[in-house]
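>
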Amino acid sequence: MWTSRAGWLDGLRQWAHSPALGQLCAEERVSITSATLLSIATVMAEHADHATGRHVAATRATIADKVGCDVRTVTTAWRVLRVSKWAVEAQRGHGSTNTPSIGRRPSVYHLVPRREVRPVTRPVVHDFHLPPSGGVGLSSPVGSYSPSERASAPANRICDNTRQARPWRRTTARPLAVQRLAAGLVAITYGLDRAHIGAICDALTAAGIDPDVWSARAVNDKLNADMRARGLTWPDHIANPGAFLHSRLRRLSWSPPEAPTKDGGSAAVSIDQTPRPVVLTEASRARIAAAREEIRRVLTDSAQRTRSGHTNRTPNARSATPRRHAVGGAARRRDECTAGRLVYDAPSGRETAR
12 MWTSRAGWLD GLRQWAHSPA LGQLCAEERV SITSATLLSI ATVMAEHADH
62 ATGRHVAATR ATIADKVGCD VRTVTTAWRV LRVSKWAVEA QRGHGSTNTP
112 SIGRRPSVYH LVPRREVRPV TRPVVHDFHL PPSGGVGLSS PVGSYSPSER
162 ASAPANRICD NTRQARPWRR TTARPLAVQR LAAGLVAITY GLDRAHIGAI
212 CDALTAAGID PDVWSARAVN DKLNADMRAR GLTWPDHIAN PGAFLHSRLR
262 RLSWSPPEAP TKDGGSAAVS IDQTPRPVVL TEASRARIAA AREEIRRVLT
312 DSAQRTRSGH TNRTPNARSA TPRRHAVGGA ARRRDECTAG RLVYDAPSGR
362 ETAR
C-alpha cells in the first residue's frame, strides 16, 4: 500500500518524466504522454482508499469523462501502470455498455508504490526464514487450536534449532478416568460440546479434580451453585469453552470432604451421588423368587374365582330377585294405601274404609 496519495503521485510523476516511460511504451507498443498518464492516475488516486491506495473501482467511462480523453486512452494508461508495477489489477471487470447495469462490474485496482530493484553483487544472507504471507501455511490451521495435535514439521521445511516446541502439545494420552469425566460433563453442560475434549480434560486436571471422587453431575451442580451465589447466569454463547471452564473451575475448591474413620482419622468421601448397584446374595434371590411365586398364585386363584362366579349364575338370576322384591313392595304399598283410605257418604253421614 502507499504511504500517502501525494507521495504516490510524486513518485509516479518522477518516473513518467524519466526515459523509463518511453522505453516501456516502445516495448509494449503503446503511445501515451506523461501528462495524460498523470491526469488519469490523479483521477484513479481520488477514487482509492485514502490510507492504503486500494480498491479503485472507477470505470473507464468515468475516468475518461473527468480527464476529457477517449476510453481507449484509459485502457492504455491502465496497461502502462500494470506493466510498470505502479498499479495492481486485483479483480478484472466484466460487461460493456450494452450489458444491463446489474451485470456490469468495473475492474478493481490497487495503487502501490514502485521501488527500483538494485542488483546484489554478493549474497548477504545465505539461509533465512520468512513468515507465510496472507495467513497461508504448510500445515492445517486447526493445529493452532487443537491441544491434541502432535508436533510435526514438513520434510521440505528448513530446520531451525532456535525455535522451541510449544509446551502445551501432548505426546501421551490423557488418563481414561479424566476423559470419561470430561465426556460426562460435556454431555450435561451447555456450550462445552463446541470445545475439543482435550481442552476440557486439561481444565479438569489443572483444577485438581479427582475423577475417582467427583462425578460429572457433582461438578455441574457445584458450578451452578457457585454461579447462583455470585448472581450470575450461564452464558448463551461461549467462544472458548476450554478457557471458560478453566476460569470457572479455578475459583472453587475441589478438595474432597473428609469423613471420620474407625481409628479416629479421616478419609476422603466420594462426591458421586449416583446410586451404586446392589449385589444380590443367594438367599436374597431365593426370597425374591418365592415372593414372585406367591404373587402368581394369588392372581391365578382370584382369576379362577371370578370365572367360576360368572359361569354358575343364570342369565335371569340377576334380574329375577330384584323384580320380585319390587312387585311385593308395590303390592304392600297399595294395600296400605287402600286400608287407610276413608270414603265419606253424605246421605248417611258415615265414613267407610275402602
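Position in the sequence shown (from 1) plus 11 gives the number in the numbering used here. For each residue, glycine too, the CB sits at the ideal point set by N, CA and C.
1) Is there contact between the region 205-220 and the region 244-261, where contact requires at least three CB pairs shorter than 8 Å?
2) Pull up the distance between the alpha-carbon of residue 61 and that of residue 249, whole angstroms please.
3) Based on the DSSP secondary-structure assignment, which residues constitute the bridge partners of residue 67?
4) Using beta-carbon positions only, say whether residue 265 and residue 199 come within less than 7 Å of one another.
5) Which stretch, first to last residue, makes up the alpha helix (DSSP H) that contains residue 189?
6) For residue 105, name the three-state secondary structure that DSSP assigns.
7) To the nearest angstrom, report how far apart residue 23 and residue 36 are at their CA atoms.
8) Determine whether the beta carbon atoms of residue 123 and residue 101 lie at a separation below 7 Å.
9) State yes or no: is the C-beta of residue 195 within less than 7 Å of the C-beta of residue 227?
10) When the Cα of residue 197 is compared with those of 214, 184 and 185, which residue comes out closest?
11) Is residue 206 buried or exposed, if buried means 16 or more other CB atoms sit within 10 Å of its CB?
12) Can you tell me whether residue 7 is buried or exposed? The criterion is at least 16 other CB atoms within 10 Å of its CB, across all chains shown.
13) Pairs of beta-carbons, one from the region 181-190 and one from the region 232-241, closer than 8 Å: are there three or more?
14) Taking the alpha helix (DSSP H) that residue 231 belongs to, which residues open and close that run?
15) Contact defined as beta carbons within less than 8 Å: I believe residue 75 pairs with residue 66. What is the distance between those atoms, to the nearest angstrom?
16) Counting C-beta neighbours from all protein chains within 10 Å, is the total for residue 153 16 or more, i.e. buried, or is it exposed?
17) What is the rounded straight-line gap between the Cα of residue 121 and the Cα of residue 191?
18) Any idea which residues DSSP pairs residue 98 with across the strands?
19) When DSSP labels each residue in this structure, what does residue 204 get in the three-state scheme?
20) Am I right that residue 48 and residue 88 are in contact with their C-beta atoms under 8 Å? What's the rounded C-beta distance?
21) Here's the rule I'm using: 16 or more other beta-carbon atoms within 10 Å means buried, otherwise exposed. How should residue 3 be labelled?
22) Could you check how far apart the C-beta atoms of residue 53 and residue 71 are, in whole angstroms? I think they sit under 8 Å.
23) Give the range of the alpha helix (DSSP H) segment to which residue 36 is assigned.
24) To the nearest angstrom, report how far apart residue 262 and residue 229 are at their CA atoms.
25) CA-CA distance, residue 26 and residue 32?
Short version:
1) yes
2) Working through the sequence shown from its first residue, we reach residue 61 at position 50. Working through the sequence shown from its first residue, we reach residue 249 at position 238. Between residue 61 and residue 249, the C-alpha separation is close to 38 Å.
3) Within the sequence shown, numbered from 1, the residue matching residue 67 stands at position 56. In the DSSP output, where bridge partners are listed per residue, residue 67 has 120.
4) Position 254 of the sequence shown holds residue 265. Position 188 of the sequence shown holds residue 199. For residue 265 and residue 199, no; Cβs fall outside 7 Å.
5) Here residue 189 is taken as the residue at index 178 of the sequence shown, counted from 1. First-last of the alpha helix (DSSP H) with residue 189: 187-199.
6) By 1-based counting over the sequence shown, the position of residue 105 is 94. Note: residue 105 maps to strand in three-state DSSP.
7) Indexing the sequence shown from 1 puts residue 23 at position 12. Indexing the sequence shown from 1 puts residue 36 at position 25. For residue 23 and residue 36, the distance between alpha carbons rounds to 15 Å.
8) Along the sequence shown, one-based indexing puts residue 123 at 112. Along the sequence shown, one-based indexing puts residue 101 at 90. No. Outside cutoff.
9) One-based indexing of the sequence shown puts residue 195 at position 184. One-based indexing of the sequence shown puts residue 227 at position 216. Closer than 7 Å, so yes.
10) The residue labelled residue 197 in the question sits at position 186 within the sequence shown. Comparing Cα-Cα distances from residue 197 to each of 214, 184 and 185, the minimum goes to 214.
11) Taking the sequence shown and counting its residues from 1, the one referred to as residue 206 is at position 195. By the neighbour-count rule (16 or more Cβ atoms within 10 Å), residue 206 is buried.
12) No statement about residue 7 is possible, as the shown extent of the chain runs from 12 to 365 and does not include it.
13) no
14) Position 220 of the sequence shown, counting from 1, holds the residue named residue 231. Looking at the DSSP string, the run of the alpha helix (DSSP H) that includes residue 231 is 227-241.
15) Translated into positions along the sequence shown, residue 75 becomes position 64. Translated into positions along the sequence shown, residue 66 becomes position 55. Not a contact, Cβ separation roughly 20 Å.
16) Here residue 153 refers to the residue found at position 142 when the sequence shown is read from its first residue. Confidence at residue 153 is low in this model, with a pLDDT of 48, below 50, so its placement is unreliable and the value that follows should be read with caution. Under this definition residue 153 is an exposed residue.
17) The residue given as residue 121 occupies position 110 in the sequence shown. The residue given as residue 191 occupies position 180 in the sequence shown. Cα to Cα, the separation comes out at about 55 Å.
18) The residue you call residue 98 lines up with position 87 of the sequence shown. Beta-bridge pairing links residue 98 to 122.
19) In the sequence shown, residue 204 corresponds to position 193, counting from 1. It is helical.
20) Taking the first residue of the sequence shown as position 1, residue 48 is located at position 37. Taking the first residue of the sequence shown as position 1, residue 88 is located at position 77. Yes, they are in contact, since the Cβ atoms of residue 48 and residue 88 sit about 5 Å apart, within 8 Å.
21) The displayed coordinates of the chain run from 12 to 365. Any statement about residue 3 would go beyond what the structure contains.
22) Locating residue 53 in the sequence shown gives position 42, counting from the first residue. Locating residue 71 in the sequence shown gives position 60, counting from the first residue. With 8 Å as the limit, residue 53 and residue 71 do not qualify as a contact, their Cβ atoms being about 16 Å apart.
23) Mapped onto the sequence shown, residue 36 falls at position 25. Residues 30-39.
24) To locate residue 262, count along the sequence shown from 1; it is residue 251. To locate residue 229, count along the sequence shown from 1; it is residue 218. Near 16 Å, if we compare the C-alpha coordinates of residue 229 and residue 262.
25) Indexing the sequence shown from 1 puts residue 26 at position 15. Indexing the sequence shown from 1 puts residue 32 at position 21. In a straight line, the C-alpha of residue 26 is about 7 Å away from that of residue 32.
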